[in-house]
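With the numbering used here, the residue at position 35 of the sequence shown is 667, and numbering never jumps.
Just so you know, even glycine gets a beta-carbon here, dropped at the ideal spot from N, CA and C.
Keep in mind that this is a model prediction, so the values were computed, not measured.
Heads up, the thing below is written out as C-alpha cells.
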Amino acid sequence: MNDPSEPLPPGKLEISKLVILNKREAKDAPSEKLPCWITFFDPEKDPWVRKTYGMTGLRRHKLLRITGEVYEQSISLNQEVVSSDLLGCGIRTLQRDIILFASLGVWIPFQHVSNPNRAGGYTYKVAVVKLYLEGMTKAEITSSLYHDPERIGKFIEDFARFTKLAQSGLSIYQIKAVLLLPEVLLEEYWTLFKIYNTPQLFKKLDLLAKAVR
633 MNDPSEPLPP GKLEISKLVI LNKREAKDAP SEKLPCWITF FDPEKDPWVR
683 KTYGMTGLRR HKLLRITGEV YEQSISLNQE VVSSDLLGCG IRTLQRDIIL
733 FASLGVWIPF QHVSNPNRAG GYTYKVAVVK LYLEGMTKAE ITSSLYHDPE
783 RIGKFIEDFA RFTKLAQSGL SIYQIKAVLL LPEVLLEEYW TLFKIYNTPQ
833 LFKKLDLLAK AVR
C-alpha cells in the first residue's frame with residue numbers, strides 16, 4: 633500500500649471510500665474514511681493495450697484492473713462510479729462488459745453484489761489460472777482478457793507458487809506470510825486449489841507447481 637506521506641506514482645489515483653464501522657449497529661455508527669489506490673493509467677502497459685486491443689479493449693482491461701485493485705484492498709465501488717467517473721462509458725456498456733467476462737468465468741466485484749451472486753466465477757487473476765488449468769493457452773487467455781502476456785504469466789506463476797506451498801502442508805496464513813499477497817486473493821486461490829486437489833485433477837496442479845523454482 634502506498635505511503636500517504638509520499639506523492640503517488642504517475643497514473644495512480646487515490647479514492648476515499650466512506651466505510652461504516654459496526655455495520656450491525658445503528659445507522660449513526662462511527663465511520664472513518666479509508667483511502668484506496670487504483671492504477672487509473674499505467675504508462676508502461678496501457679499504450680500497448682490500446683494499440684493491441686483498441687479503446688474497447690483498454691476499457692475492459694481497466695475495468696478488470698481497477699475493480700481488482702479495490703477488491704484486494706477490501707473495498708468495492710458501485711457501477712455508476714466505475715462507468716462514468718473512471719472508464720468514461722455508460723452503465724449499459726459497463727454491464728455488457730460484465731456479461732462478457734462472466735461468460736469466461738470472471739466475477740467483477742461491485743457494491744451490493746454479494747459472493748453468492750458469483751455463480752462460480754473468480755476475480756480475474758484467479759480466473760486466469762482456472763482457464764489455464766482447463767486447457768486454454770496463455771495466448772488465448774491474454775487476448776480474451778485484454779491483458780499482456782507478461783502479466784498473465786505472472787498470475788499463473790503466483791498460483792503455482794501457492795500450490796507448491798499448499799502441497800508442502802502450509803496453512804493459508806503461513807502462505808500469506810511467504811507470498812505477501814492480498815488475503816482475499818489467497819482465499820480464492822485456496823478455493824481453486826481444493827477443487828483441483830483431487831485424484832482426478834491433481835496432476836494438473838502438480839505439473840504447475842513443478843514449473844516454478
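Same chain, Cβ closer than 6 Å to residue i, neighbours up to 5 away in sequence not counted
i    : result
R682 : L690
F673 : G643
M687 : none
Status (buried if at least 16 other CB within 10 Å, exposed otherwise) for residue i
i    : result
P748 : Model confidence at P748 stands at a pLDDT of 48, short of 50, so the residue's coordinates are unreliable and nothing is read from them.
A809 : exposed
F834 : exposed
D790 : buried
A843 : exposed
Y754 : buried
Residues bridged to residue i (per DSSP)
i    : result
I670 : L645
V760 : DSSP output for V760 lists no bridge partner at all.
Y754 : V738
Neighbourhood of residue i by C-beta distance below 8 Å, restricted to the same chain and skipping five residues each side
i    : result
F742 : T699, S708, L709, N710, Q711 and V714
K836 : L765 and Y828
Residues of its chain near residue i, where Cβ-Cβ distance is below 7 Å and the 5 sequence neighbours each way are ignored
i    : result
I807 : F794, L797, A798 and L818
Y756 : L696, G700, V738 and L777
Does the region 822–832 touch the region 793–809, meaning 3 or more C-beta pairs lie closer than 8 Å?
yes
Can you give, in chain order, each stretch of the alpha helix (DSSP H) that sits fully within the region 766–833 and has at least 4 residues?
770–776, 781–799, 804–811 and 815–828
In chain order, what are the residue ranges of uninterrupted alpha helix (DSSP H) at least 4 long that sit wholly in the region 697–741?
723–734
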